[in-house]
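Engineer:
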Amino acid sequence: MNLSELRAEPPRGPEAPGCRNGLDEPPGNWSGGVYGAQCPVQDVGKNWAALLILAVIAVTVTGNLLVILAVSLEKKLQNATNYFLMSLAVADMLLGILVMPVSMVTILYDYVWPLPSDLCPIWIYLDVLFSTASIMHLCAISLDRYIAIRNPIHHSRFNSHTKARLKIMAVWTISVGISMPIPVLGLRDHSKVFKDGSCLLTDNSFVLVGSFVAFFVPLTIMIVTYFLTINALQNEATLCLDQLVPRPKWSTTFTLSFLPQTSLSSEKLFRRSISREAGGRGSSGGVGGSLFGRRTMQSISNEQKASKVLGVVFLLFVVMWCPFFITNVLVVVCDPAVCDPSLMGGLLNVFVWVGYLSSAVNPLVYTLFNKTYRAAFLRYVRCRYWPEKKPLQLILVNTIPPLAYSSTQMPLGDIGRPRNGAGLCSQKKEVSLPGPEGDGTHRVRGESCV
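Once you know that position 134 of the sequence shown is 134 in full-length UniProt numbering, the rest is easy, because the numbers rise by one and skip nothing.
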């Protein structure tokens with residue numbers, strides 16, 4: 001009886017050809033959890049599993065393709081962090097194209113490798129490569145943002161598009177270096193990647209070291225730098241608020257009220273509060289500092305929003321991949337008499353697909369938390385790849401322009417006094433305002449002047 005005959009007839013029990021009960025071998029798997037597989041009771045269950053896997057593959061490929069298009073076409077998204085996210089989307093999309101379908105086929109064949117034997121180490125290599133690249137991208141994003149916040153001048157000087165591409169190339173180089181021993185050893189010696197007809201890594205030392213180098217170490221770096229970034233943003237926000245709202249020694253408040261009688265305008269009430277330190281700066285410096293402070297607060301707010309989105313991505317990645325790698329380490333270090341090999345193998349089979357699912361949820365996170373991504377995705381699904389150009393609109397605002405005032409040029413006592421018989425004057429421009437009788441008068445705190 002050859003292999004094709006075995007595949008033509010579905011297994012009828014745990015002792016059928018091609019099935020294993022998982023008790024004669026220690027489970028341990030880097031690339032897809034094929035140890036300890038139980039024979040399916042009926043084919044209907046496998047069909048439903050295949051349908052669910054196809055849905056995951058479709059969402060993974062489509063969603064990450066939309067992310068790649070969005071970063072490539074949207075000017076607002078073309079920055080260092082989004083370049084990393086686009087490269088991460090490339091890794092996730094390739095995982096959905098090259099790795100997930102083969103893993104689905106092995107499930108349909110009861111984890112017996114149905115393809116040419118030389119493709120087995122290549123498939124494991126691609127699986128390890130893309131999974132490692134995902135965690136390395138997230139680690140690089142966390143490090144890059146922390147450096148940008150702690151040393152913004154140095155970071156902005158060297159943070160061009162070319163530098164971002166070089167960092168991404170470094171991430172891929174590290175990922176390739178970690179996973180390259182798999183095809184090198186597997187193509188030379190098939191016993192390194194085959195066991196009882198299943199395609200999997202059999203070198204427990206490589207599984208153990210690889211799990212720490214490719215997952216736990218970058219995971220630790222990512223978590224530490226992320227919380228350091230959050231702490232640095234909070235400190236900067238506190239410092240910026242202290243500079244934006246200083247404690248004045250004395251303040252002067254005055255109110256200008258205008259009641260124009262025109263058909264296109266209504267009553268306006270302008271209130272201004274001028275606060276300054278005794279012997280301090282003029283109003284021009286204060287306004288400039290205020291505007292600078294507002295811009296700084298806006299940038300800090302944007303960084304905090306980005307940190308929340310990335311925090312969700314980090315959390316989902318950790319929650320979805322940690323069970324697999326923890327179980328992967330346990331099956332190597334745990335005594336089979338203590339850890340049931342059949343149970344551990346079944347857990348690996350489930351946890352590896354939970355990890356694969358993380359590649360599908362990232363685009364959903366971007367859609368929920370970022371309106372630029374959301375708007376771009378909605379256009380792309382309608383085959384509109386360029387933003388619509390809105391026609392120029394002339395907006396007429398029927399308001400009275402604010403009066404130019406400088407505390408160093410006009411004392412408060414002279415606010416209501418006209419100069420040279422004209423209306424109220426300032427250094428920048430002259431304004432004449434109609435009074436309630438339309439005779440060209442205006443009132444300041446109830447006092448009129450002509």
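From the three backbone atoms N, C-alpha and C, an ideal C-beta is built for every residue, glycine too.
1. Compare the Cα-Cα distances from residue 230 to each of 214, 150, 161 and 175 and report the closest residue.
2. Residue range of the alpha helix (DSSP H) that residue 386 falls in?
3. Does the Cβ-Cβ distance between residue 164 and residue 84 come in under 9 Å?
4. Hey, out of 216, 114 and 120, whose CA is closest to residue 323's CA?
5. Would you tell me roughly how many angstroms separate the C-alpha atoms of residue 193 and residue 235, rounded to the nearest one?
6. Can you give me the Cβ contacts of residue 185 inside the same chain, cut-off strictly under 7 Å, excluding the 5 residues immediately before and after it?
7. Just reading off the alpha helix (DSSP H) that residue 348 is part of, what are its end residues?
8. Can you look up residue 117 in the DSSP assignment and give me helix, strand or coil?
9. Can you check whether the CB of residue 135 is closer than 9 Å to the CB of residue 219?
10. Please classify residue 87: does DSSP put it in a helix, a strand, or coil?
11. One question on the structure: do residue 362 and residue 92 come within less than 9 Å of each other, judged by their Cβ atoms?
12. In chain order, what residues of the same chain have a beta carbon less than 7 Å from the beta carbon of residue 61, not counting five sequence neighbours either side?
13. Per DSSP, residue 139 forms a beta bridge with which residues?
14. Classify residue 227 as buried or exposed, calling it buried when 16 or more other Cβ atoms lie within 10 Å of its own Cβ.
15. Taking the CB atoms as reference points, tell me whether residue 320 and residue 355 lie closer together than 9 Å.
16. Given a cut-off of 9 Å, decide if residue 222 and residue 314 are closer than it, judged by their beta-carbon atoms.
17. What is the C-beta distance between residue 175 and residue 133, in whole angstroms, given that I count them as a contact (C-beta under 8 Å)?
18. In whole angstroms, what separates the C-alpha of residue 495 from that of residue 339?
Structural biologist: Taking the definition as stated:
1. As a working mapping, residue 230 is identified with position 230 in the sequence shown. Checked all of 214, 150, 161 and 175; the closest Cα to residue 230 is 150.
2. As a position in the sequence shown, residue 386 is number 386, starting the count at 1. Looking at the DSSP string, residue 386 is not in any alpha helix (DSSP H), and its letter there is neither H nor E.
3. Taking the sequence shown and counting its residues from 1, the one referred to as residue 164 is at position 164. Taking the sequence shown and counting its residues from 1, the one referred to as residue 84 is at position 84. Result yes, Cβ atoms of residue 164 and residue 84 sit closer than 9 Å.
4. To locate residue 323, count along the sequence shown from 1; it is residue 323. When 216, 114 and 120 are compared, the shortest CA-CA separation from residue 323 is found for 216.
5. Here residue 193 refers to the residue found at position 193 of the sequence shown. Here residue 235 refers to the residue found at position 235 of the sequence shown. When rounded, the distance between both Cα atoms is 51 Å.
6. Along the sequence shown, read from residue 1 onward, the residue named residue 185 stands at position 185. If we look at residue 185 and ignore the five residues flanking it on each side, its Cβ neighbours are 192.
7. As a working note, residue 348 is residue 348 in the sequence shown. Residue 348 -> alpha helix (DSSP H) spans 341-369.
8. What you label residue 117 is simply residue 117 of the sequence shown in a count that begins at 1. Residue 117: coil per DSSP, three-state reduction.
9. Mapped onto the sequence shown, residue 219 falls at position 219. Mapped onto the sequence shown, residue 135 falls at position 135. Yes, they are a contact pair.
10. As a first step, residue 87 must be located in the sequence shown, where it is residue number 87. Annotated three-state conformation of residue 87 is helix, per DSSP.
11. Here residue 362 is taken as the residue at index 362 of the sequence shown, counted from 1. Here residue 92 is taken as the residue at index 92 of the sequence shown, counted from 1. Yes, the Cβ-Cβ distance between residue 362 and residue 92 is below 9 Å.
12. Against the sequence shown, residue 61 aligns to sequence position 61. Closer than 7 Å at Cβ, skipping near neighbours: 93, 96 and 97.
13. Your numbering for residue 139 matches position 139 in the sequence shown. In the DSSP assignment, residue 139 is bridged to no other residue.
14. Along the sequence shown, read from residue 1 onward, the residue named residue 227 stands at position 227. Per the 10 Å Cβ criterion, exposed.
15. Your numbering for residue 320 matches position 320 in the sequence shown. Your numbering for residue 355 matches position 355 in the sequence shown. Contact flag set, yes.
16. Residue 314 sits at position 314 when you count from the first residue of the sequence shown. Residue 222 sits at position 222 when you count from the first residue of the sequence shown. In this structure, residue 222 lies closer than 9 Å to residue 314 by Cβ.
17. Residue mapping note: residue 175 aligns to position 175 of the sequence shown, counting from 1. Residue mapping note: residue 133 aligns to position 133 of the sequence shown, counting from 1. That pair is a contact at about 4 Å.
18. For the chain, the structure presents residues 1 to 450; residue 495 sits outside this window and is missing.
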